[in-house]
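Numbering-wise, this note's numbering puts 180 at position 81 of the sequence shown, and it's gapless, one number per residue. Where is the CB? At the ideal position from N, CA and C, for every residue including glycine. For reference, the structure is listed below as structure tokens.
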Amino acid sequence: MKRKVNYSVENRCVELLRRLRWPGGVKCPRCDGEHILEVGQMRTFPEHKRYYCSGCRYTFSDTSMTLFHGSRLPLSKWFDAIILGANGSSAMGIKKELHITYKAAWRIKHLMGEDSLVHEIRQRLLKKG
Ligand SMILES: [Zn+2]
């Protein structure tokens with residue numbers, strides 16, 4: 100079964116995440132190293148790149164060590180949920196709007212609350228209108 104993801108939107112979301120996480124270029128989330136090689140893409144979401152740190156030999160992705168890591172939802176849905184949450188939507192509202200499970204919506208709603216990266220994303224998305 101193919102995922103129905105809007106690829107150009109997903110690309111823009113990953114790029115935004117990258118800019119916020121690594122304003123000066125990709126860094127290793129484990130050792131902060133800057134000698135990073137791109138080693139392909141994630142199987143689940145081809146827009147998400149995989150990287151290899153030649154400092155500590157850690158392989159990571161655009162979402163490693165963020166709350167988006169390991170999610171089966173594309174970033175674009177997370178970002179939509181962030182906007183909905185900012186506008187006061189409940190988990191039930193997010194579920195209906197994004198056609199995701201209540202469990203996923205609840206998780207998103209509650210994980211987002213205190214996360215500083217989400218805070219930055221929210222500010223950026225709301226500024227764009
Ligand atoms: Zn490293």
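Which stretch, first to last residue, makes up the beta strand (DSSP E) that contains Ile-181? By 1-based counting over the sequence shown, the position of residue 181 is 82. It is not in any beta strand (DSSP E) - Ile-181 instead sits in the alpha helix (DSSP H) that spans 174-185.
Please return the same chain residues whose Cβ sits closer than 6 Å to the Cβ of Tyr-151, not counting the five positions on each side in sequence. For this step, residue 151 is matched to residue 52 along the sequence shown. For Tyr-151, where only same-chain residues beyond five positions count, the Cβ hits under 6 Å are Leu-136, Val-138, Thr-158.
Please classify Met-211: is it buried, with 16 or more other beta-carbons within 10 angstroms of its beta-carbon, or exposed? Locating residue 211 in the sequence shown gives position 112, counting from the first residue. Around the beta carbon of Met-211, 16 or more other beta carbons lie within 10 angstroms, which makes this residue buried.
Closer than 7 Å to a non-hydrogen atom of ligand 1 - does that hold for the CB of Gly-124? Locating residue 124 in the sequence shown gives position 25, where the first residue counts as 1. Not under cutoff, so the answer is no.
Burial state of Leu-183, where buried means 16 or more other Cβ atoms lie within 10 Å: Locating residue 183 in the sequence shown gives position 84, counting from the first residue. Buried.
For Gly-139, the three-state DSSP class (helix, strand or coil): For the purposes of this step, residue 139 is taken as residue 40 along the sequence shown, with counting starting at 1. In the structure shown, Gly-139 sits in a strand (DSSP, three-state: E or B).
To the nearest angstrom, how far is the alpha carbon of Asn-110 from that of Trp-205? Counting from one through the sequence shown, the residue named residue 110 turns up at place 11. Counting from one through the sequence shown, the residue named residue 205 turns up at place 106. C-alpha separation (whole angstroms): 25 Å.
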